[in-house]
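Note sheet for the following structure.
Number of protein chains: 4
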Amino acid sequence: MPILSEKVAINIRFSEVDSLLIVWHGHYLKYFEDAREAFGRKYGLGYLEMYAQGFVTPIVNIHCEYKAPLAYGDEAIAEITYRDSKAAKIEMEYKITNARTGALLATGYSTQVFLDRAKSELQLIIPAFFAEWKEKWGIE
Amino acid sequence: MPILSEKVAINIRFSEVDSLLIVWHGHYLKYFEDAREAFGRKYGLGYLEMYAQGFVTPIVNIHCEYKAPLAYGDEAIAEITYRDSKAAKIEMEYKITNARTGALLATGYSTQVFLDRAKSELQLIIPAFFAEWKEKWGIE
Amino acid sequence: MPILSEKVAINIRFSEVDSLLIVWHGHYLKYFEDAREAFGRKYGLGYLEMYAQGFVTPIVNIHCEYKAPLAYGDEAIAEITYRDSKAAKIEMEYKITNARTGALLATGYSTQVFLDRAKSELQLIIPAFFAEWKEKWGIE
Amino acid sequence: MPILSEKVAINIRFSEVDSLLIVWHGHYLKYFEDAREAFGRKYGLGYLEMYAQGFVTPIVNIHCEYKAPLAYGDEAIAEITYRDSKAAKIEMEYKITNARTGALLATGYSTQVFLDRAKSELQLIIPAFFAEWKEKWGIE
Numbered sequence: 092m093p094i095l096s097e098k099v100a101i102n103i104r105f106s107e108v109d110s111l112l113i114v115w116h117g118h119y120l121k122y123f124e125d126a127r128e129a130f131g132r133k134y135g136l137g138y139l140e141m142y143a144q145g146f147v148t149p150i151v152n153i154h155c156e157y158k159a160p161l162a163y164g165d166e167a168i169a170e171i172t173y174r175d176s177k178a179a180k181i182e183m184e185y186k187i188t189n190a191r192t193g194a195l196l197a198t199g200y201s202t203q204v205f206l207d208r209a210k211s212e213l214q215l216i217i218p219a220f221f222a223e224w225k226e227k228w229g230i231e
Numbered sequence: 092m093p094i095l096s097e098k099v100a101i102n103i104r105f106s107e108v109d110s111l112l113i114v115w116h117g118h119y120l121k122y123f124e125d126a127r128e129a130f131g132r133k134y135g136l137g138y139l140e141m142y143a144q145g146f147v148t149p150i151v152n153i154h155c156e157y158k159a160p161l162a163y164g165d166e167a168i169a170e171i172t173y174r175d176s177k178a179a180k181i182e183m184e185y186k187i188t189n190a191r192t193g194a195l196l197a198t199g200y201s202t203q204v205f206l207d208r209a210k211s212e213l214q215l216i217i218p219a220f221f222a223e224w225k226e227k228w229g230i231e
Numbered sequence: 092m093p094i095l096s097e098k099v100a101i102n103i104r105f106s107e108v109d110s111l112l113i114v115w116h117g118h119y120l121k122y123f124e125d126a127r128e129a130f131g132r133k134y135g136l137g138y139l140e141m142y143a144q145g146f147v148t149p150i151v152n153i154h155c156e157y158k159a160p161l162a163y164g165d166e167a168i169a170e171i172t173y174r175d176s177k178a179a180k181i182e183m184e185y186k187i188t189n190a191r192t193g194a195l196l197a198t199g200y201s202t203q204v205f206l207d208r209a210k211s212e213l214q215l216i217i218p219a220f221f222a223e224w225k226e227k228w229g230i231e
Numbered sequence: 092m093p094i095l096s097e098k099v100a101i102n103i104r105f106s107e108v109d110s111l112l113i114v115w116h117g118h119y120l121k122y123f124e125d126a127r128e129a130f131g132r133k134y135g136l137g138y139l140e141m142y143a144q145g146f147v148t149p150i151v152n153i154h155c156e157y158k159a160p161l162a163y164g165d166e167a168i169a170e171i172t173y174r175d176s177k178a179a180k181i182e183m184e185y186k187i188t189n190a191r192t193g194a195l196l197a198t199g200y201s202t203q204v205f206l207d208r209a210k211s212e213l214q215l216i217i218p219a220f221f222a223e224w225k226e227k228w229g230i231e
C-alpha cells in the first residue's frame with residue numbers, strides 16, 4: 092500500500108510563544124491542521140472538497156506527545172501521514188521535526204468521522220466519494 | 092442621554108502571555124469582544140439576537156491604545172460603553188483597568204455596521220429593530 | 092485516597108466558533124488549561140507557585156476525545172481530576188459537560204513533567220515540594 | 092527618502108474562520124505581525140536583534156480598518172511599510188490585499204516604543220542602534 096504523506100514548513104508566530112519561551116502546547120494542533128490542509132490540497136481531500144460532496148469531517152480525537160520544545164525563530168516541519176482504517180474514518184499521524192537537524196520534536200494522531208452535512212448524521216459506512224478516493228490513490 | 096455600559100472580569104489565560112511575560116497585544120481584541128458580548132446579554136443586543144432579526148454586524152474598524160501591560164495572574168476588568176451614532180452603525184468604547192488598583196491599562200473603540208444576512212447588503216439606514224432598541228433604552 | 096478535582100464554567104468566545112458553527116477542536120486545550128489553572132488555585136499547585144519552587148511543568152502529552160459539539164451560546168463546564176502517579180509527573184483527567192443537561196461532551200487527559208528551571212533538567216525523582224503537596228492533600 | 096516595505100503571503104487557517112464564514116477580525120493582528128516579522132528579517136529589525144541590543148519594543152497602539160472580508164481558501168497578501176517618525180518610535184502601516192485581484196481588503200497601522208529591557212524604562216531618545224539602522228537604510 093502506498094504511503095500518502097505531506098510536509099509543510101511551520102510558521103511559528105511570536106504570539107504562539109508563551110512565557111516559558113517555548114511554543115504553547117495547544118498551538119501544535121494548529122500545526123497539525125496546517126499539515127492536514129496541505130495534505131488535503133495535495134491529495135484532493137480538503138474541507139471544501141468534502142463539503143462539496145455533502146460531508147463534514149469533524150475531529151473526534153486528537154493526541155500529541157511533546158519530545159522537545161519549539162522556540163521563537165526555530166525552523167520546523169510538520170509531516171502528516173495517512174493511516175488507513177477499514178472504518179468510516181480518516182486517521183492521520185503527525186510528526187514535528189527540526190528543519191535543520193531533523194530531530195523529532197513531537198508526534199501525534201487524529202481521527203475524523205464523516206457527518207452528512209444536511210442531516211448531521213454520522214456515517215457508519217464509508218461514503219462513496221471516499222471509497223473512490225482510496226481507490227484512486229491505490230489504498231485498499 | 093443614558094449611558095449604557097457593562098463590565099466583565101477578564102480571564103487572562105496562561106496561553107495569552109507572550110515571551111515578554113505580558114499579554115500579547117492581539118488578545119485584547121478578545122477581551123473587547125468578551126465585553127461586547129456581555130453588553131449584548133445585558134441590553135439584548137447579542138449576535139444571536141441580531142441574527143434572528145436578519146442582520147450580521149461585522150467589525151469595520153477597531154483600535155487599541157496600550158497604557159500599561161497585563162501579566163499572568165493579574166486581575167483586570169474590561170468595560171464597554173455604547174457611543175451613539177446617527178449613522179447605521181454600532182460604536183463602542185472600551186477600557187481595561189486593573190481590578191485592584193483601578194489603574195487604566197488600555198483603551199479602545201470599535202465600529203460595526205449592519206449587513207442584511209440574506210443579501211449581504213450593507214444597511215445605510217438604521218434597521219427598524221435597532222431604532223426600537225435605541226428607543227427602548229432611552230437613546231435620543 | 093481522596094479525589095482532588097475542580098470545576099470551572101467555560102467562557103466560549105465568539106472567536107472560538109468555527110465555520111461549521113461549533114467550537115474549533117483545538118480550543119478545548121484552552122478549556123483544559125482553564126480547569127488546570129483553577130485546580131492550581133484551589134489546591135496550591137499553580138504555575139507561579141511551582142515556579143517559585145524552582146520548577147516548570149511542561150505538558151508532555153495531551154489527549155482529547157470529542158463526544159458532542161459545543162456551539163456559541165452553550166453553557167459548559169470543564170472538570171479536572173488529579174490522577175496520582177508514582178512517577179515524577181502530574182497527571183490530570185478532564186471532562187467537558189453541558190451545564191444544563193449534564194451531557195458529556197468531551198474527555199481528555201494530560202501529563203506534565205518537572206523541569207529544574209535553572210538547569211532545564213528533567214526531574215526523575217519527585218521534587219520535595221510536590222511530595223509535601225501530596226502529603227498535605229492525603230495522597231498516599 | 093527610500094520606502095522600506097515587505098510583503099508576505101497570509102496563511103489563513105481553518106481555525107481562523109468564524110461562524111460568519113469569514114476570518115475573525117482579531118486574527119488580522121496576527122497577519123500584521125507576520126508582516127512585521129518578515130520586515131524585521133528583511134531589514135535586520137527583528138525582535139531577537141532588538142533584544143540583543145538591549146531593547147524590547149512593545150506595541151502601544153494598533154488600528155485596523157476592514158474593507159472586505161477574507162474567507163477560507165482565499166489567497167491574500169499582507170504588506171507592511173515603515174513610516175518614519177522623529178520620535179523614539181517604530182511606526183508601521185499595513186495593507187491586506189487579495190493575492191489574485193489585488194483588491195484592498197484591510198488597512199492598518201501600529202506604533203511601537205523602545206523599552207530598556209534591563210530597567211523597563213521607556214526610551215524618550217532614539218536608541219543609538221536604531222539611529223544607525225535608519226542611517227544604514229538611507230532614512231535621513
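Same order as they appear, the protein sequences are chains A, B, C and D. This note's numbering puts the first residue of the first sequence at 92, with every later residue one more than the last. This note's numbering puts the first residue of the second sequence at 92, with every later residue one more than the last. This note's numbering puts the first residue of the third sequence at 92, with every later residue one more than the last. This note's numbering puts the first residue of the fourth sequence at 92, with every later residue one more than the last. Glycine included, each C-beta is placed from N, C-alpha and C at the ideal position.
Length of the line joining the Cα atoms of residue i and residue j
i, j, result
"isoleucine 113 of chain D", "tyrosine 163 of chain D", "7 Å"
"lysine 210 of chain B", "alanine 167 of chain D", "24 Å"
"valine 99 of chain B", "alanine 129 of chain B", "7 Å"
"glycine 199 of chain C", "threonine 172 of chain B", "39 Å"
"phenylalanine 105 of chain B", "leucine 95 of chain C", "22 Å"
"lysine 186 of chain B", "glycine 135 of chain D", "35 Å"
"glutamate 226 of chain C", "isoleucine 181 of chain C", "15 Å"
"leucine 120 of chain C", "alanine 126 of chain C", "10 Å"
"proline 160 of chain C", "arginine 191 of chain C", "15 Å"
"glutamate 212 of chain A", "phenylalanine 146 of chain A", "10 Å"
"tyrosine 138 of chain A", "proline 218 of chain A", "15 Å"
Spatial neighbours of residue i in its chain, beta-carbon cut-off 8 Å, leaving aside the 5 residues before and after
i, result
"proline 149 of chain D", "Gln203, Val204 and Leu206"
"leucine 215 of chain D", "Ala179"
"threonine 188 of chain D", "Ala167, Ile168, Glu170, Ala194, Leu195 and Leu196"
"histidine 116 of chain B", "Cys155 and Tyr157"
"glutamate 231 of chain C", "Met92, Asp175 and Lys225"
Cutoff 7 Å: residue i Cβ touching any chain A Cβ
i, result
"tyrosine 185 of chain C", "no"
"glycine 117 of chain B", "yes"
Assigned secondary structure, residue i (DSSP; H/G/I helix, E/B strand, else coil)
i, result
"glycine 137 of chain C", "coil"
"tyrosine 163 of chain A", "coil"
"aspartate 207 of chain B", "strand"
"lysine 158 of chain C", "coil"
"serine 106 of chain C", "helix"
"lysine 180 of chain A", "strand"
"leucine 120 of chain C", "helix"
"glutamate 231 of chain C", "coil"
Neighbourhood of residue i by C-beta, 7 Å cutoff - its chain only, sequence neighbours within 5 removed
i, result
"phenylalanine 220 of chain D", "Gln144"
"arginine 132 of chain A", "none"
"glutamate 124 of chain A", "none"
"glutamate 107 of chain D", "Val114, Trp115 and His118"
Sequence-distant residues of the same chain with beta carbon closer than 6 Å to residue i, five excluded per side
i, result
"methionine 141 of chain D", "Thr148"
"serine 201 of chain B", "Ile150, Ile153 and Met183"
"tyrosine 122 of chain C", "Ile101 and Ala169"
"glycine 229 of chain B", "Pro93"
"glutamate 97 of chain B", "Ala129, Phe130, Lys133 and Ile171"
"aspartate 232 of chain A", "The question about residue 232 of chain A has no answer, for chain A in this structure spans 92 to 231."
"leucine 111 of chain D", "none"
CB contact check: residue i to chain C, cutoff 7 Å
i, result
"valine 204 of chain A", "no"
"glutamate 166 of chain A", "no"
"asparagine 152 of chain B", "no"
"phenylalanine 123 of chain B", "no"
"serine 211 of chain D", "no"
"leucine 215 of chain A", "no"
Cβ of residue i within 7 Å of any chain B Cβ
i, result
"leucine 139 of chain C", "yes"
Chain D contact for residue i (CB, 7 Å cutoff)
i, result
"tyrosine 157 of chain B", "yes"
"asparagine 189 of chain A", "no"
"leucine 112 of chain C", "yes"
"glutamate 182 of chain A", "no"
"valine 99 of chain B", "no"
"valine 108 of chain C", "yes"
Beta bridge counterpart(s) of residue i as assigned by DSSP
i, result
"asparagine 189 of chain C", "C:Ala167"
"threonine 198 of chain D", "D:Glu156 and D:Lys186"
"threonine 172 of chain A", "A:Ser96 and A:Glu184"
Interface partners of residue i on chain G, CB under 7 Å
i, result
"phenylalanine 105 of chain C", "Any reference to chain G falls outside this structure, whose protein chains are A, B, C and D."
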